[in-house]
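In the numbering used here, the protein residues as written are 123 to 215.
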């Protein structure tokens, strides 16, 4: 089961920054601005394994921490209970 499917099964509304509706030729700065905008609309952030090797993911992590988002790490994903009634938004980083 993919991370997205597992999070949806746990009751999360998944927001994926890779689906930010920007044209592929957009600059990195344009993508980061849109990603941060999406992130600020979320309650929870999901950090994929290897996130710490990406400058963009690190920036998103710092923003999420600063605005008080709950952080879930992929390595601890087994703690997510399927069928929870929470309706959070989360973002893949």
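For each residue, glycine too, the CB sits at the ideal point set by N, CA and C.
Of the listed residues 149, 135, 125 and 124, nearest to residue 166 (C-alpha basis): Residue numbering aside, residue 166 sits at position 44 when the chain shown is read from its first letter. Just measuring C-alpha positions, the residue of 149, 135, 125 and 124 sitting nearest residue 166 is 135.
Taking the alpha-carbon positions, what's the residue 193 to residue 199 distance? What you label residue 193 is simply residue 71 of the chain shown in a count that begins at 1. What you label residue 199 is simply residue 77 of the chain shown in a count that begins at 1. One C-alpha to the other measures close to 11 Å.
Is it the case that the Cβ atoms of residue 125 and residue 168 are separated by a distance below 8 Å? Locating residue 125 in the chain shown gives position 3, where the first residue counts as 1. Locating residue 168 in the chain shown gives position 46, where the first residue counts as 1. Cβ atoms of residue 125 and residue 168: closer than 8 Å.
Cβ-Cβ distance between residue 181 and residue 154 below 8 Å: Residue 181 sits at position 59 when you count from the first residue of the chain shown. Residue 154 sits at position 32 when you count from the first residue of the chain shown. Yes.
Going by DSSP, which residues form a beta bridge with residue 142? For the purposes of this step, residue 142 is identified with residue 20 of the chain shown, where counting begins at 1. In DSSP, residue 142 forms no bridge with anything.
Here's a check: name, in chain order, each residue in its chain whose Cβ is nearer than 8 Å to the Cβ of residue 197, leaving out the five neighbours to either side. Position 75 of the chain shown, counted from the first residue, corresponds to residue 197. If we look at residue 197 and ignore the five residues flanking it on each side, its Cβ neighbours are 171.
With DSSP run on the structure shown, which of helix, strand or coil describes residue 163? Here residue 163 refers to the residue found at position 41 of the chain shown. Residue 163 falls in the coil class under three-state DSSP.
Do residue 185 and residue 161 have their beta-carbon atoms positioned less than 8 Å apart in this structure? Residue 161 sits at position 39 when you count from the first residue of the chain shown. Residue 185 sits at position 63 when you count from the first residue of the chain shown. In contact: residue 161 and residue 185 (Cβ atoms closer than 8 Å).
Evaluate residue 195 with the Cβ neighbour count: other Cβ atoms within 10 Å of its Cβ, from every protein chain shown; 16 or more gives buried, anything less gives exposed. The residue given as residue 195 occupies position 73 in the chain shown. Exposed: under 16 other Cβ atoms inside 10 Å.
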